[in-house]
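Engineer: Here's a structure for you.
Numbering (the working numbering), first residue to last: -4 to 134.
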């Protein structure tokens, strides 16, 4: 299971705590942590675990004025993703049909939300698991 997110967030948090610095952590999970997908048991399980880690960290780190949230994007248009979807265009069409907005996310749409969660504009937001999925998990 992927553990890099947990490992790196712990390093950052230990540094913030030892220096008495408030701050924010945003873990990047997936809509797959919120819904079950056939043939993706390990991936879905690892993302669900990251979401729970986010909640626990928010509880533990709140007293240190460190906020912890997670974003859960849908399929995002990247070069790597495009290569995969080009191999099976019918699969991309079917996936987009399950997203109420009818399209995959753009990288900027994910990074804008991450920047917001890291900013002081989100100073009262912690422990949130935020889908960025065009409505996929609302269905």
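Just so you know, even glycine gets a beta-carbon here, dropped at the ideal spot from N, CA and C.
Which residues mark the beginning and the end of the alpha helix (DSSP H) in which residue 0 is found?
Structural biologist: Start and end: -1 to 14.
Engineer: Report back the beta-carbon spacing between residue 94 and residue 131 to the nearest angstrom; my notes put them in contact at under 8 Å.
Structural biologist: 5 Å
Engineer: What residues are listed by DSSP as bridge partners for residue 150?
Structural biologist: Not covered by the structure: residue 150. The range shown for the chain is -4 to 134.
Engineer: Which term fits residue 89, buried or exposed, when burial requires 16 or more other beta carbons within 10 angstroms of its beta carbon?
Structural biologist: exposed
Engineer: Out of 21, 65 and 74, which one is the CA nearest neighbour of residue 29?
Structural biologist: 65
Engineer: Where DSSP assigns a beta bridge to residue 101, which residues make up the other side?
Structural biologist: Answer is 72.
Engineer: How would you call residue 56, buried or exposed, if buried means at least 16 neighbouring beta carbons within 10 angstroms?
Structural biologist: buried
Engineer: Counting only the same chain and skipping the five closest in sequence on each side, list residues whose C-beta sits under 8 Å from that of residue 102.
Structural biologist: 71, 72 and 73
Engineer: Let me know the secondary structure DSSP gives residue 33 once reduced to three states.
Structural biologist: coil
Engineer: Alpha carbon to alpha carbon, how far is residue 26 from residue 118? Give it in angstroms, no decimals.
Structural biologist: 24 Å
Engineer: Helix, strand or coil, according to DSSP, for residue 84 in the structure here?
Structural biologist: DSSP places residue 84 in the helix class (H, G or I) of the three-state scheme.
Engineer: According to the Cβ coordinates, are residue 45 and residue 60 closer than 7 Å?
Structural biologist: no
Engineer: Counting along the chain, where does the beta strand (DSSP E) carrying residue 125 start and finish?
Structural biologist: 124 to 127
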